[in-house]
Amino acid sequence: MKHYKPKEFAEMLHVSVKTLQRWDNEGVLKAYRNPKVRKLKKKLKREQRSLSRKYENLKKRGEKPATKRGANIDKNIFRVQKLHARLANIRLEYVKFVANEVVRTKPRYVVIENLNVKGMMKNRHLSKAMAEQCFYTFQTWLIHKCKKYGMEVRQVSRFYPSSKMCSRCGHMKKDLQLSDPIYVCDGCGHTMDRDLHAATSLLRATDYIVLT
Ligand SMILES: [Zn+2]
Numbered sequence: 489m490k491h492y493k494p495k496e497f498a499e500m501l502h503v504s505v506k507t508l509q510r511w512d513n514e515g516v517l518k519a520y521r522n523p524k525v526r527k528l529k530k531k532l533k534r535e536q537r538s539l540s541r542k543y544e545n546l547k548k549r550g551e552k553p554a555t556k557r558g559a560n561i562d563k564n565i566f567r568v569q570k571l572h573a574r575l576a577n578i579r580l581e582y583v584k585f586v587a588n589e590v591v592r593t594k595p596r597y598v599v600i601e602n603l604n605v606k607g608m609m610k611n612r613h614l615s616k617a618m619a620e621q622c623f624y625t626f627q628t629w630l631i632h633k634c635k636k637y638g639m640e641v642r643q644v645s646r647f648y649p650s651s652k653m654c655s656r657c658g659h660m661k662k663d664l665q666l667s668d669p670i671y672v673c674d675g676c677g678h679t680m681d682r683d684l685h686a687a688t689s690l691l692r693a694t695d696y697i698v699l700t
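So the number in the working numbering is just where the residue sits in the sequence shown, counting from 1, plus 488.
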C-alpha cells in the first residue's frame, strides 16, 4: 500500500503484508507496532500450554477428555477463547486506525497492488502474517474511507514488475533475490531499500484501474 502527498515524495506510506510500516520525510522507516498485542500473545501461549498440560494429565490417567473434564479445564478453555477474541478485536481496531491515518494525511491518490490472494494464502508463513494483520479488512476499510473522502484509489496489476523494474531508469532486474533487503539497479546503479523501491515503482505505474 503506497500513498503520496501532492508534493511528490513529501511523504510516503507503505504498508506491506507482513508489517505495517511507513516512511517519513527523511526516508526513515517506522513500523506501526501495537504494544498490546505482544503481551496478549504471550499470555495466550501460556494459557494454551497450561491447557494442553491438563489434557495430557487426563490422558495419563487413562481418562477421555471429552467425558471427564473438570471445571478447571473448562475455565482454561474459556480463558483461551477470551484471549483469542480480544486479540482479534485489537487487530481490527488497529488496521482501522492505520487506514484512517493514511486518509488523514490527504494523499492525492493511493496505490494498491492486486495481490495473488490464493497463492499467498497457500504459503503458510505469509498466510499467518496476513491473517494477523487483517490484511483484507485493511484494504477494504481503506478503499471505503477513500471513497468517502473522494480520494482516488489505483489498483495496479499483480503482474506489474514493481520490485524488478528500476524506478529511476526502467531497467529490468533479472536475478532479483527476494531475501535481499537492498535493491541495486544493474543499469544505472540506483540503490534503494527494496520495499521503498517497490513502492516508488508503484507510484509511477501508469497502467492501473481506479477503484473509487
Ligand atoms: Zn536503474
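Note that CB positions come from ideal geometry on N, CA and C, so glycine has one too.
Since this is a predicted model, take the numbers as computed values, not measurements.
Asked                                                                                                                        : Found
Where the alpha helix (DSSP H) containing Asp681 begins and where it ends                                                    : Careful: Asp681 lies outside any alpha helix (DSSP H), inside the beta strand (DSSP E) at Thr679 to Asp681.
Closer than 7 Å: Arg656 CB and nearest ligand 1 heavy atom                                                                   : yes
Proximity of Phe626 and Ala573 at Cβ, strictly below 8 Å                                                                     : no
For Val644, the residue or residues it bridges with in DSSP                                                                  : Glu601 and Tyr696
Distance cut-off 7 Å: Arg685 Cβ against heavy atoms of ligand 1                                                              : A small fix is needed here, since residue 685 is His in this sequence, not Arg. Every heavy atom of ligand 1 is 7 Å or more from the Cβ of His685, so no.
Contact test: Cys673 Cβ vs ligand 1 heavy atom, cutoff 7 Å                                                                   : yes
Chain-order list of residues whose beta-carbon lies under 6 Å from that of Trp629 (same chain, five-residue window excluded) : Lys584 and Ala587
For Met680 and Leu690, the rounded distance between their alpha carbons                                                      : 14 Å
Where the alpha helix (DSSP H) through Tyr624 begins and ends                                                                : Phe623 to Lys636
Proximity of Ala576 and Val644 at Cβ, strictly below 8 Å                                                                     : no
Contact test: His632 Cβ vs ligand 1 heavy atom, cutoff 7 Å                                                                   : no
Heavy atom of ligand 1 within 7 Å of His572 beta-carbon                                                                      : no
Euclidean distance between Cα positions of Leu699 and Met660                                                                 : 28 Å
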